[in-house]
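Going down the list, the sequences are from chains W and L. Be aware that the first sequence starts at 1, since it is given in this note's numbering, and climbs by one per residue. Be aware that the second sequence starts at 280, since it is given in this note's numbering, and climbs by one per residue. Reading through the structure tokens given below for one structure.
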Amino acid sequence: MGKFFKSRFFFVTVILALAVVIVPSVLSAMGLSNYVHSTLEMVAQPFQTAFTWLGDALGGFGAYFTAVEDLSAENEDLRQKLEAAEDQLYNARLLEEENAWLRDYLGLKRLHTDYRFEVASIIGRDAGNALTSFTLNRGALHGIELGMPVLTEVGIVGEVVEVGTTWCRAETLIETASSIGAYVERSAQSGIVSGSFDLALAGMCRMEYLPADADIRVGDRILTSGISSVYPAGLCVGEVTAVSLDPYSRTTVAEITPAVELDELKKVMILTGFSTYTE
Amino acid sequence: MSQQFHTAVRRLVIWGGVLFAAAILQTSLLARLAQAIPYGAVPDLLLAATVAVAIFDGERTGALAGIAAGIFAGALGGTGINLLPVAYMLCGYVCGIWSTMSLSSNFPSWCVYMLTTGLARAAVTLVTIALSYPDYTLLDVAAHILLPEYAATLLFSVLIYFPVRRIAQSVNRRLRIPE
Numbered sequence: 001m002g003k004f005f006k007s008r009f010f011f012v013t014v015i016l017a018l019a020v021v022i023v024p025s026v027l028s029a030m031g032l033s034n035y036v037h038s039t040l041e042m043v044a045q046p047f048q049t050a051f052t053w054l055g056d057a058l059g060g061f062g063a064y065f066t067a068v069e070d071l072s073a074e075n076e077d078l079r080q081k082l083e084a085a086e087d088q089l090y091n092a093r094l095l096e097e098e099n100a101w102l103r104d105y106l107g108l109k110r111l112h113t114d115y116r117f118e119v120a121s122i123i124g125r126d127a128g129n130a131l132t133s134f135t136l137n138r139g140a141l142h143g144i145e146l147g148m149p150v151l152t153e154v155g156i157v158g159e160v161v162e163v164g165t166t167w168c169r170a171e172t173l174i175e176t177a178s179s180i181g182a183y184v185e186r187s188a189q190s191g192i193v194s195g196s197f198d199l200a201l202a203g204m205c206r207m208e209y210l211p212a213d214a215d216i217r218v219g220d221r222i223l224t225s226g227i228s229s230v231y232p233a234g235l236c237v238g239e240v241t242a243v244s245l246d247p248y249s250r251t252t253v254a255e256i257t258p259a260v261e262l263d264e265l266k267k268v269m270i271l272t273g274f275s276t277y278t279e
Numbered sequence: 280m281s282q283q284f285h286t287a288v289r290r291l292v293i294w295g296g297v298l299f300a301a302a303i304l305q306t307s308l309l310a311r312l313a314q315a316i317p318y319g320a321v322p323d324l325l326l327a328a329t330v331a332v333a334i335f336d337g338e339r340t341g342a343l344a345g346i347a348a349g350i351f352a353g354a355l356g357g358t359g360i361n362l363l364p365v366a367y368m369l370c371g372y373v374c375g376i377w378s379t380m381s382l383s384s385n386f387p388s389w390c391v392y393m394l395t396t397g398l399a400r401a402a403v404t405l406v407t408i409a410l411s412y413p414d415y416t417l418l419d420v421a422a423h424i425l426l427p428e429y430a431a432t433l434l435f436s437v438l439i440y441f442p443v444r445r446i447a448q449s450v451n452r453r454l455r456i457p458e
């Protein structure tokens, strides 16, 4: 093989190749134009333009799919972030509701320091029974007993009428069987709040056994009197929405709208113990 | 004499066309596609074309093809310091000799030529980078330039081998050049 590298042709081509390397560099350093390069470039330009255009088209085609992949990945990422944000928002709403409820609960607790509460959630409602009873998630294991008052920070809800091991059932104050000693806050006029079927359908109850000349007006607040053993005194029952005279018994009857919005309830407090007076 | 001159001119035109086409493809289409592909590198089709001409038409044609390829690379590729004419010339000359002495012009031999000359091309690239960018690191150059370029050249050289072999068969029949 050595003879090939000693041949005249090899030396000539090596010199030629070196010249091709050196001459353009020298010409370029001298600021002179390289006519060979210029000519080649001029000839090649249309072809280069055409193939570059083709390359752009193919490269753009590839870039399109690259972009689609990137967008798809970004979309998936954003979807996950959105789901996470929605979860956070949902949790924040729950916390907000719970926070508000706990704030009210704390307020009631401060107002009535003698109250002992068991917080319960409504886990069931009696369908078609005009919102007159609830099933709560607290029972005998939690110290719940029959007749314990059920209330919220706004006012009374009803009382426990059935107790299971881990659950109980509460009837609301608009139930026909309920009977609550109450008085008009403004005039201290006493009476009995009880449910009636026709008013229960409208989510209301009535106050009876008021004298014919009782001082009671629409808008008066009705509070528990504490006469019955179920409810402590001073809890809000509701507000008078109508007053009428019963012509047969010659007594005044007032329609009461409960302070608690029974159809909006989610959590309640079961009053497990209280003194006979309040602060 | 006239017949030999006529034959030489035809070979010059044919192989010059092959080299020119390779230079156009390398500096336009493949250069653009290399940008669109991650770790894309421009394959050295001119090297492949030089080697192909060398193994199909002998070491002398291969050496001259190498110089021409270097000129094309310098003219169309626009590199600052162009060492490629010497590198291509040596590759063409050696491969031409190699093909007649030990290897042949079949495809497995072609792979050997490209694996070997690819290393020479990498060496030239490294020297060019070393002269142009003094702050280079060998690892970075190897990972981002040399290896992708080497792999792309090996891969795309197939696009040169089969067409050039076909052309060589046609040229040899027409010009009665012994295969």
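We treat Cβ as the ideally placed atom computed from N, Cα and C, and that holds for glycine.
Roughly how many angstroms separate the alpha carbons of residue i and residue j, rounded to a whole number?
i, j, result
"ARG445/L", "LEU418/L", "40 Å"
"ASN524/L", "THR407/L", "The structure shown does not extend to residue 524/L, since chain L is modelled only from 280 through 458, so no value can be given for it."
"GLY181/W", "ILE216/W", "16 Å"
"VAL119/W", "TYR105/W", "9 Å"
"GLU69/W", "GLU76/W", "11 Å"
"TYR367/L", "CYS374/L", "10 Å"
"LEU425/L", "LEU410/L", "15 Å"
"SER383/L", "ALA19/W", "31 Å"
"LEU108/W", "GLU97/W", "17 Å"
"GLU41/W", "THR52/W", "14 Å"
"GLN282/L", "VAL332/L", "21 Å"
"SER178/W", "PHE117/W", "21 Å"
"ASN129/W", "ILE256/W", "At ASN129/W the pLDDT is 43, less than 50, meaning the model places this residue with poor confidence; the figure from the coordinates comes in the next sentence. Each residue's Cα considered, the two are about 19 Å apart."
"TYR90/W", "ALA202/W", "32 Å"
"ALA100/W", "LEU71/W", "42 Å"
"ILE346/L", "ALA44/W", "18 Å"
"LEU308/L", "GLU428/L", "15 Å"
"GLN393/L", "VAL23/W", "The sequence shown places Met at residue 393/L, rather than the Gln named in the question. Their Cα atoms are separated by approximately 29 Å."
"GLY155/W", "LEU146/W", "19 Å"
Quick one: is residue i near chain W, going by C-beta distance under 8 Å?
i, result
"ALA342/L", "yes"
"LEU442/L", "Contrary to the premise, residue 442/L reads as Pro rather than Leu in this sequence. It does not: the Cβ of PRO442/L has no partner Cβ on chain W nearer than 8 Å."
"GLY349/L", "yes"
"ARG311/L", "yes"
"ALA328/L", "no"
"PRO322/L", "no"
"TYR372/L", "yes"
"ASN361/L", "yes"
"SER449/L", "no"
"PRO427/L", "no"
"SER307/L", "yes"
"GLY353/L", "yes"
"MET368/L", "yes"
"VAL332/L", "no"
"ARG339/L", "yes"
"PRO364/L", "yes"
Could you tell me whether the Cβ of residue i comes closer than 8 Å to any Cβ of chain L?
i, result
"VAL21/W", "yes"
"VAL36/W", "yes"
"GLU97/W", "no"
"GLU74/W", "no"
"ALA44/W", "yes"
"PHE10/W", "yes"
"ASP56/W", "yes"
"LEU351/W", "What is shown of chain W runs 1 to 279, which leaves residue 351/W out entirely."
"ALA17/W", "yes"
"GLN80/W", "no"
"GLN88/W", "no"
Just tell me which of the options has its CA closest to the CA of residue i.
i, options, result
"VAL260/W", "MET269/W, ALA17/W, ALA254/W, THR252/W", "MET269/W"
"ARG206/W", "PHE10/W, TYR183/W, GLY55/W", "TYR183/W"
"MET204/W", "GLN80/W, THR39/W, THR132/W, THR251/W", "THR132/W"
"ASP220/W", "LYS81/W, ASP56/W, CYS236/W", "CYS236/W"
"PRO232/W", "THR224/W, GLY238/W, GLU239/W", "THR224/W"
"GLU185/W", "ALA170/W, LYS267/W, VAL218/W", "VAL218/W"
"LEU362/L", "SER25/W, PHE51/W, GLU255/W, ALA44/W", "SER25/W"
"PRO211/W", "VAL161/W, VAL243/W, LEU54/W, ASP56/W", "VAL243/W"
"PHE134/W", "LEU146/W, GLY143/W, SER121/W", "SER121/W"
"VAL160/W", "VAL253/W, GLY195/W, ILE144/W", "ILE144/W"
"TYR115/W", "GLU153/W, ASP87/W, LEU78/W, GLY124/W", "GLU153/W"
"THR432/L", "VAL330/L, HIS285/L, TRP294/L", "VAL330/L"
"LYS6/W", "TYR372/L, TYR429/L, MET393/L, ALA401/L", "TYR372/L"
"PHE441/L", "LEU343/L, THR379/L, ALA302/L, PHE386/L", "PHE386/L"
"ASP449/L", "TRP294/L, ALA320/L, CYS390/L", "As written in the sequence, residue 449/L is Ser, which differs from the Asp given in the question. The residue with the shortest Cα to Cα distance from SER449/L is TRP294/L."
Three or more beta-carbon pairs under 8 Å between the segment 156-173 of chain W and the segment 132-145 of chain W, yes or no? yes
Review point. Counting Cβ pairs closer than 8 Å, one from the segment 286-293 of chain L and one from the segment 242-259 of chain W, do we hit at least three?
Key: no
Requested in this report: For the segment 347-354 of chain L and the segment 3-15 of chain W, state whether three or more C-beta atom pairs, one from each stretch, are separated by less than 8 Å.
Outcome: no
| Would you call the segment 292-303 of chain L and the segment 182-201 of chain W touching, i.e. three or more CB-CB distances under 8 Å? | no
**Prompt:** Which ranges would you report for the alpha helix (DSSP H) in the segment 135-219 of chain W if only whole runs of at least 4 residues count?
**Reply:** 197-200
*asked:* Give the list of continuous alpha helix (DSSP H) stretches no shorter than 4 residues that lie fully inside the segment 386-439 of chain L.
replied: 386-411, 417-420
Stretch-stretch touch, CB-based, cutoff 8 Å, three pairs: the segment 390-405 of chain L with the segment 317-335 of chain L:
yes
Requested in this report: Write down every uninterrupted run of the alpha helix (DSSP H) in the segment 319-394 of chain L whose length is 4 residues or greater and which is fully enclosed by it, in chain order.
Outcome: 324-351, 363-380
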